Structure formats: structure tokens, C-alpha cells
Amino acid sequence: MKKLAIINLLVAIVVIILLGVAGAYLQKLVTHEPVNAIQLISTPDCDLSKAPCMAGNNIRNINLKLIPPINYLKKFDIELDVKGFTEETIERVIIDFSMTDMEMGVSRFELKQLEGKTQWRGFAILPVCISGRKDWQIQIFMKTNQNSYIAHYSLVIEG
Numbered sequence: 005m006k007k008l009a010i011i012n013l014l015v016a017i018v019v020i021i022l023l024g025v026a027g028a029y030l031q032k033l034v035t036h037e038p039v040n041a042i043q044l045i046s047t048p049d050c051d052l053s054k055a056p057c058m059a060g061n062n063i064r065n066i067n068l069k070l071i072p073p074i075n076y077l078k079k080f081d082i083e084l085d086v087k088g089f090t091e092e093t094i095e096r097v098i099i100d101f102s103m104t105d106m107e108m109g110v111s112r113f114e115l116k117q118l119e120g121k122t123q124w125r126g127f128a129i130l131p132v133c134i135s136g137r138k139d140w141q142i143q144i145f146m147k148t149n150q151n152s153y154i155a156h157y158s159l160v161i162e163g
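Taking the working numbering, the leading residue of the sequence shown gets 5, the next gets one more, and so forth.
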């Protein structure tokens, strides 16, 4: 009887370890950035909680607007306008919220294209950080028929 209990315990431990490894691998897949993505950098002093912010290079720009008020556990709207992508068809736009050195789970949302080729809309809901932090890193992942792009922004939630 003790042998069976020990075997069951060992099997349970192996299953827990395998689930942990699988979860870590899936998390890596979900948050993996495209390897050859073109980086679009935002203005460092832009405050997304108060005004839209632009990220771009000399040719392509992504203007991100979060519709206030932005509070934890409450839905807020996201507007995205793109310029300079005339030769490319945008296939997918995803927004990802994370914190530096803090595991906040997956806060990733897909935006939907409006009738015009330059406007994308969606919404997000952010979790509460139990440490009280309010500083978020935002990445826009954009996939076109020719390239992948990543735009980086910062957000500090007020209140």
C-alpha cells in the first residue's frame, strides 16, 4: 500500500513539473517578439494617459491613443492610426501591456481594422499590480504582408 502511495506521489510531482514547463513554454510562445521586426520608437516624454503618442521612423508612423479614464479592471478603448504603410497590407495589429521586472500575466489584445486602411480600434482591461506599481510598457505588434513592426510606448496610470 505504501508503495502505491509513493508511486502516486511521484507521478503527481512529475505531472506538476511537466505542467509548469508547458506553461512556461506557452507563455514564451505567446509573448515572443518577431525576430526581424522593424522597431518604431516613441517620443520618451509622451504621456499616453493624457494625449496620443506617436512611434515611428522617417517613413512609417503609428499614433496610439488610449481613451481615458484608464483604470485597473475597467475596460478602456484604444485607437490606432497608421501612416506610411501604403505599399504594405496590414494583416494584424496586437497591443501588449507588461511591466518591467514584474510578471503580470498576459495582457494582450487584438485590434480590429475599420473601413479605412489606416485606423484600428479595440479595448483593453488591465490587472491590478499587487505591489502598487502603475508603470506599464506597451508594445504594438504589427504584421504586414511584407514585414513585422514593433512600436514601444510607456504608460503610467494615474490615481
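Quick reminder that beta carbons are idealized off the backbone N, C-alpha and C, glycines included. Since this is a predicted model, take the numbers as computed values, not measurements.
Review point. How do the segment 56-66 and the segment 83-102 stand: do at least 3 beta-carbon pairs fall below 8 Å, yes or no?
Key: yes
Exercise for review: State buried or exposed for Phe101, treating a residue as buried only when at least 16 other CB atoms are found within 10 Å of its CB.
Suggested key: buried
Exercise for review: Report buried or exposed for Phe127, applying the criterion of at least 16 other Cβ atoms within 10 angstroms of its Cβ.
Suggested key: exposed
Exercise for review: For Tyr157, count neighbouring C-beta atoms within 10 Å of its own C-beta (all shown protein chains included) and say buried if the count is 16 or more, exposed if not.
Suggested key: buried
Review point. Among Val160, Gln43, Ser111, Asp85, which has the Cα closest to the Cα of Arg137?
Key: Val160
Review point. Do you know offhand how far Leu8's Cα is from Leu14's?
Key: 10 Å
Point to revise | Contacting residues, own chain, Cβ-Cβ under 6 Å from Cys57 (five flanking each side not counted) | key: Ser46, Cys50, Leu68, Tyr157
Review point. Under three-state DSSP, which class holds Ser111?
Key: strand
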